[in-house]
Amino acid sequence: MSAALLFAVGGLTSVGIYLITARSLSQIILGFSLLGHATVLGLLVAGGAAGDAPIAGTAAVADMSNPLPQALALTAIVISFGLTLFLLALAVRQQHLTGDDQVEDDLEDQRIAQGQPAENLPEETTEEITQSIEGGIP
Amino acid sequence: MLWALFLAHVAAVPAAAAAGRTSMRAGLFTAAAAPAAAAAWAAAELAGGGRTNTAELVWVGGLDVAIRLRADSLALMMTLLVAGVGALVMVYAAGYFGRNAAGATRFPATMLAFSTSMLGLVWADSVWTLFIFWEMTSVTSFLLVGHKHADASVRMAARRALVITAGGGLVLLAGLIVLAESAGSSALTAMEPVSGPAAATAGVLILIGAATKSAQVPFHVWLPGAMAAPTPVSAYLHSAAMVKAGILLIAVVGPALRGVAAWKWLGIAFGVASVVWGAVGALRHRDAKLILAWGTVSQLGLMVTLLSVGTAKAVLAALALLFSHALFKAALFLVVGEVDVRTGTRDIGDLGGLHRSMPTAFAVALLAGGSMVGLPPLLGFVAKETAIEAVLALAGAERAVVAAGVIGGSVLTVAYTVRLLHGVFGPGPPTPVGANRPLMAAPAAILGAAGVVGYAALSGVNRIVVPAAAELSEKADAYSLIQWPGLKTAFVVSVLIVGVGGVAGALWASRGVGRLPAPVGASAADGIVDKTLGFSPRLTALVQHGSLPVYLAVMGTVAVLAAAALASDFAGGHLIWWDHPLQAMLAAAVVIAALAAAFVGSRLGAALALGSVGFGVTGLFLVHGAPDLALTQLLVETVVVVGFVLGLGHLARRFPPVTGSWRSVRIMVAAAGGLAVTAALAAAGTNPTGKPPTLDLVAEAVAEGGGKNVVNVILTDLRALDTLGEVVVLATVAIGILALARVRTRPQAQTQES
Amino acid sequence: MNPNQTPAIQLGIRVASPLAIVVGVYLLFAGHNFPGGGFAAGLVFGAVAILRTIAGLQRPKGTTALIACGVLMVTVVSFLPILWGDPLLDQRVVTFDLPLLGTIKTGTALVFDIGVSIIVVGLVSAIINGLSASQPTQGAGQPTQGAGQPTQGAPQ
Chain Z
596 MSAALLFAVG
606 GLTSVGIYLI
616 TARSLSQIIL
626 GFSLLGHATV
636 LGLLVAGGAA
646 GDAPIAGTAA
656 VADMSNPLPQ
666 ALALTAIVIS
676 FGLTLFLLAL
686 AVRQQHLTGD
696 DQVEDDLEDQ
706 RIAQGQPAEN
716 LPEETTEEIT
726 QSIEGGIP
Chain Y
1065 MLWALFLAHV
1075 AAVPAAAAAG
1085 RTSMRAGLFT
1095 AAAAPAAAAA
1105 WAAAELAGGG
1115 RTNTAELVWV
1125 GGLDVAIRLR
1135 ADSLALMMTL
1145 LVAGVGALVM
1155 VYAAGYFGRN
1165 AAGATRFPAT
1175 MLAFSTSMLG
1185 LVWADSVWTL
1195 FIFWEMTSVT
1205 SFLLVGHKHA
1215 DASVRMAARR
1225 ALVITAGGGL
1235 VLLAGLIVLA
1245 ESAGSSALTA
1255 MEPVSGPAAA
1265 TAGVLILIGA
1275 ATKSAQVPFH
1285 VWLPGAMAAP
1295 TPVSAYLHSA
1305 AMVKAGILLI
1315 AVVGPALRGV
1325 AAWKWLGIAF
1335 GVASVVWGAV
1345 GALRHRDAKL
1355 ILAWGTVSQL
1365 GLMVTLLSVG
1375 TAKAVLAALA
1385 LLFSHALFKA
1395 ALFLVVGEVD
1405 VRTGTRDIGD
1415 LGGLHRSMPT
1425 AFAVALLAGG
1435 SMVGLPPLLG
1445 FVAKETAIEA
1455 VLALAGAERA
1465 VVAAGVIGGS
1475 VLTVAYTVRL
1485 LHGVFGPGPP
1495 TPVGANRPLM
1505 AAPAAILGAA
1515 GVVGYAALSG
1525 VNRIVVPAAA
1535 ELSEKADAYS
1545 LIQWPGLKTA
1555 FVVSVLIVGV
1565 GGVAGALWAS
1575 RGVGRLPAPV
1585 GASAADGIVD
1595 KTLGFSPRLT
1605 ALVQHGSLPV
1615 YLAVMGTVAV
1625 LAAAALASDF
1635 AGGHLIWWDH
1645 PLQAMLAAAV
1655 VIAALAAAFV
1665 GSRLGAALAL
1675 GSVGFGVTGL
1685 FLVHGAPDLA
1695 LTQLLVETVV
1705 VVGFVLGLGH
1715 LARRFPPVTG
1725 SWRSVRIMVA
1735 AAGGLAVTAA
1745 LAAAGTNPTG
1755 KPPTLDLVAE
1765 AVAEGGGKNV
1775 VNVILTDLRA
1785 LDTLGEVVVL
1795 ATVAIGILAL
1805 ARVRTRPQAQ
1815 TQES
Chain E
22 MNPNQTPAIQ
32 LGIRVASPLA
42 IVVGVYLLFA
52 GHNFPGGGFA
62 AGLVFGAVAI
72 LRTIAGLQRP
82 KGTTALIACG
92 VLMVTVVSFL
102 PILWGDPLLD
112 QRVVTFDLPL
122 LGTIKTGTAL
132 VFDIGVSIIV
142 VGLVSAIING
152 LSASQPTQGA
162 GQPTQGAGQP
172 TQGAPQ
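Protein chains in written order, with my numbering: chain Z, 596 to 733; chain Y, 1065 to 1818; chain E, 22 to 177.
As structure tokens, then:
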């Protein structure tokens, strides 16, 4: 297992995580792309050592690199490509709607966090209600 | 047949809601059909000898995740009660509510949904199936209790019931898991007897769960509160159905836990405390419905006591009580509901003299009350007689405790029954009554008469109850219920109970109704409910704060912790510095470019740095021997960079500046994440589970796929379905981008884009 | 995109386009035996579209139709085998000779690959149109030079 590749995977992951926790959507996209690279390289590292291209007839089979993670990685590249572009379109739209590409906190969640009650509780206190339930008589 | 009946119930729920659009009455009659059919089926099965029906639907076989239903003798008896009383109560409710009462689409459907979950609970043959239906009854009963939800006290009562029963449900789940693990099977029937600390833990947890559902002291506080429900709901849920769920559970798991001392003694403690405290509560209250509710607590305590004692005769007595209680308590609730509707009050201090103006109701109340007290010729007499015999047959401390509880509770039961009947129907200025309600009177009369019929046809009742008891206790079929025991000790005790209780009740009643009792325990319960409801928004605010970066950082941290566990079996022997020197240079270049993308201030610079990362990764692919990846990555990177350059044209030139402590948190999480992923990968390489399948794949690619490029053959042949999905994703992305752009341009001049 | 690129660049791109398309077609056919495939081919065609847009020669049109066409091809090839009882995504292999590429052993997988490349071209043109459309300074001056064939017509 190549330490150099492991270093690349770790470095890309670190920078990727740093970027996706940013507020700016374009930085999040950058981070997402880097994480995609890290994942693909991780698949390759986990699949075995480097070797010749896995194309029948061009090299001895024993010298070939493992084709299975490559097939998986190809799918990963394509999907992260699609996702990156879609996020980019979202960032552009955000820019046009709000004037920047900042990811703001969810307003509804903030309202809950500030403890504003969802409904207007009755004026009666719990003790009064308890008394009226226990008395039973409607 | 079980599936047919069950699915008929499920299908009838929306049908009842639809019929409810016409009128409450139509909805209720629609809803009553399915339970009536189930009750008729159960009666026919019992008449035909009660063979066991089973049905199952396996979802995940390997994990034992399945719905297993089983209708044996006990389940058939419960079906008869749950479905039969359910159908009668729904007819009664048609009389209780006016023709055009509010909530007509809601109430019948919810009632039927409850009935359905109850049926599932009765038929459940695996602990998981049982638990699911158990929770469903909690939720549907919450909706039913809160039917008049505009009233704050009703809402609080419903919440109280939900918090207590759902909390008990969680305890029950823990208990069921422990029980299933220690018994080695999740099947409820044929569960092997278990012992040891695990069994004791399971027993205690299950008992607590059952006690919350069956309103045992000190978890009983929700039941009187639940009287805020419409009376049909109380008659059904709080006499025949839901409160019996805990009893049923104790009965069913009883055979497996019978040898566990903790199970037995905690059960007896719950039971005896409830028998006595419930009866005392019934004596203190003046709302007729609350008297019945407290009486239910007491009666349920009697059943819990007898089941916990667990001798064959005690089990038989418990089931006989369960059967007769469902009949007489439902009848009494129905009568009280009728009195409430026709006079406008349930206060025994205001009521009186109704024996003349409501003779049918009076007759039913006498029959049902007599059954509750244990007078012949009524079914309740037989049940109580068997219970006393079973208690007297015990020995030692057990006999003393149980006998004191049962006999003392029975005396108090007689007293509160006398007080109730005296207060409602007894002498006094007759309360004015409204018009007759035949739809309310008829079901009550049927249930009241059932006590006499059951006594007269006791051999029929024996054919229902004795086999059910035999399923729970092997020797129970040596006994049977007897119409007239003769002058035995038990009979003498019974006579004394009725005599003493009757006198005490008459004296207590003549003293007047007194003031309303102070709520004991209820304030504490509501305090807990309040705290729970107050805690939930604070918890929500904590975990759902709405900040994406924080969510992502938390997820990253969790991933790091998960990876740290993996990294523990790391050994460095398999590591080499590089496969090729070029790899090391490219790796360094990639990481440096990534850092540049993160820390460069301008957006364009970051995009170009990202491109450099991509090209570096392309080089790594080439060195690794993956030309397909390299080619694809190269092309992808080109398009991504173009996309970035186009997209960034809309954005500000520079990133907003980042400062503050959040940035250091990000850096720490990021560093830890990178280390964790590296360590986990290195650990994964420590113990390879096999050789790379290169040889097989190459051979298969040439032979099967007819191609030499193994990677491509894998993608288009072996994983073709994945590739198809992937292509669809790309098409979706493309359409999404166009749609987003269109939204953006709408306010401006339309472009010429087709 | 600036429609006023220097004539030299425009000429270069005019010349490069057919060459790039040939490369793309090669990748399309080579995929089974050598690096390449529908996705790579689509990206090459897409790159041609990007270059021509940048040079101001033309703008991709009919993006939605292109995507729909690609998805249709891919789906039909995938599900047709079911009609004659074969499993989903089963392939028919045929062998034939072509003057330049030699003996070609291919099959329904080729149709699948062509569908894939068409979808990718659609995606690239969606990027061009979606991410760059309606820049305030360009609102009025949309390029309308539709002289050449649409680049996407290349794979048959």
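A virtual CB, placed ideally from N, CA and C, is assigned to each residue, including glycine.
Chain Z contact residues for F133/E, given Cβ-Cβ distances below 9 Å: Simply none; closest approach about 15 Å.
Integer-rounded CB distance, given that H1284/Y should sit under 8 Å from V1191/Y: Taking a contact as a CB-CB distance under 8 Å, the pair V1191/Y and H1284/Y does not count as one, their CB atoms being some 25 Å apart.
Does the beta carbon of V1791/Y sit closer than 7 Å to a beta carbon anywhere in chain E? V1791/Y has a beta carbon lying within less than 7 Å of a beta carbon in chain E.
Burial state of D1351/Y (16 or more Cβ within 10 Å): Classification for D1351/Y: buried.
At a Cβ threshold of 7 Å, is G151/E touching chain Z? At least one chain Z Cβ lies under 7 Å of G151/E.
Return helix, strand or coil for I1412/Y, following the three-state DSSP convention. If DSSP states are grouped into helix, strand and coil, I1412/Y belongs with coil.
L1456/Y to L1366/Y span [Cα, whole Å]: L1456/Y and L1366/Y have their C-alpha atoms some 14 Å from each other.
Supposed close pair V1664/Y, A1670/Y - CB separation, criterion 8 Å: Indeed, because the Cβ distance is near 5 Å, the residues count as touching under 8 Å.
For A1135/Y and I1799/Y, the rounded distance between their alpha carbons: Roughly 55 Å between the two C-alpha positions.
Kindly indicate which residue of V1336/Y, G1210/Y and A1588/Y has the alpha-carbon position closest to the one of V1465/Y. Nearest neighbour of V1465/Y by Cα position, chosen from V1336/Y, G1210/Y and A1588/Y, turns out to be V1336/Y.
Opening and closing residue of the beta strand (DSSP E) in which W1123/Y lies: Note, W1123/Y: beta strand (DSSP E), N1117 to V1124.
Mind reading off the beta-carbon distance from R1406/Y to G1490/Y? Whole number of angstroms is fine, and I expect it under 8 Å. 17 Å between Cβ atoms; not a contact.
What residues are listed by DSSP as bridge partners for I1131/Y? Looking at the DSSP assignment, I1131/Y forms a beta bridge with L1121/Y.
Q156/E: buried (16+ other C-beta within 10 angstroms of its C-beta) or exposed? Only weak support is given to the placement of Q156/E: the predicted model assigns it a pLDDT of 45, under 50, and the value that follows is read from those uncertain coordinates. It counts as exposed.
DSSP state of S155/E, grouped into three classes? At S155/E, the pLDDT of 49 sits below 50, so the modelled position is not reliable; the number obtained from the coordinates is stated separately. In this structure, S155/E counts as coil in the three-state DSSP scheme.
Cross-chain neighbours of F627/Z in chain Y, by beta carbon under 7 Å: Those do not exist, as F627/Z stays about 10 Å from chain Y at its closest Cβ, beyond 7 Å.
Quick check on the burial criterion: 16 or more other C-beta atoms within 10 angstroms. Buried or exposed for P1531/Y? Under this definition P1531/Y is a buried residue.
For S1190/Y, the residue or residues it bridges with in DSSP: A1251/Y.
Compare the C-beta of L682/Z against all C-beta atoms of chain Y and say whether one is closer than 7 Å. L682/Z does not count as touching chain Y.
Whole-angstrom C-beta distance between L638/Z and A671/Z, which should lie under 8 Å: So it is a contact: roughly 7 Å between Cβ atoms.
Return helix, strand or coil for D1351/Y, following the three-state DSSP convention. Under the three-state reduction of DSSP, D1351/Y is assigned to strand.
If you drop the 5 nearest sequence neighbours on each side, which residues of the same chain put their C-beta closer than 8 Å to that of L1485/Y? Closer than 8 Å at Cβ, skipping near neighbours: A1429, L1430 and G1433.
Under 9 Å by beta carbon: chain E residues contacting I650/Z: Ordered by position in chain E, the residues that pass the 9 Å Cβ test against I650/Z are N54, F55 and P56.
Determine the direct distance from the alpha carbon of Q622/Z to that of P1721/Y, and round the result to whole angstroms. Distance between the alpha carbons of P1721/Y and Q622/Z is about 12 Å.
Determine whether the beta carbon atoms of L1243/Y and A1225/Y lie at a separation below 7 Å. Cβ atoms of L1243/Y and A1225/Y: not closer than 7 Å.
Closer than 6 Å by C-beta to N1526/Y: which residues in its own chain qualify, once you throw out the five before and the five after it? Chain order, please. Within the same chain, and ignoring the five residues on either side of N1526/Y in sequence, the residues whose Cβ sits closer than 6 Å to its Cβ are S1544 and L1545.
Identify the contact partners of V687/Z in chain E, using a Cβ-Cβ distance below 7 Å as the criterion. Result: L152.
Please list the partners that S60/E has in chain Z, where partner means a Cβ-to-Cβ separation under 7 Å. The identity of residue 60/E in the sequence shown is Phe, whereas the question assumes Ser. The contacting residues are V673.
What's the gap between the Cα of L1383/Y and the Cα of I1228/Y? Cα-Cα distance, rounded: 26 Å.
Taking only the alpha-carbon atoms, compute the straight-line gap between K1272/Y and K1353/Y and give it to the nearest angstrom. Per the sequence shown, the amino acid found at residue 1272/Y is Ile instead of Lys. Here the alpha carbons of K1353/Y and I1272/Y stand approximately 26 Å from one another.
Which of helix, strand or coil DSSP assigns to N1773/Y: In this structure, N1773/Y counts as strand in the three-state DSSP scheme.
Outcome for V43/E when other beta-carbon atoms lying within 10 angstroms are tallied against a minimum of 16: Burial call: exposed.
Partners in chain Z for I148/E, counting only beta-carbon separations shorter than 7 Å: In chain order: L680.
Please classify K1393/Y as buried or exposed, where buried requires at least 16 neighbouring CB atoms within 10 angstroms. Taking all protein chains shown into account, K1393/Y has 16 or more neighbouring C-beta atoms within 10 Å of its C-beta and is therefore buried.
Below 8 Å, how does it come out for the region 134-152 of chain E and the region 58-68 of chain E: are there three or more Cβ pairs, yes or no? Contact between the region 134-152 of chain E and the region 58-68 of chain E is present: 3 or more CB-CB pairs across the two stretches fall below 8 Å.
Using only CA atoms, which one of G1771/Y, A1735/Y and A1690/Y lies nearest to V604/Z? Taking the Cα of V604/Z as reference, the smallest distance to any Cα among G1771/Y, A1735/Y and A1690/Y is reached at A1735/Y.
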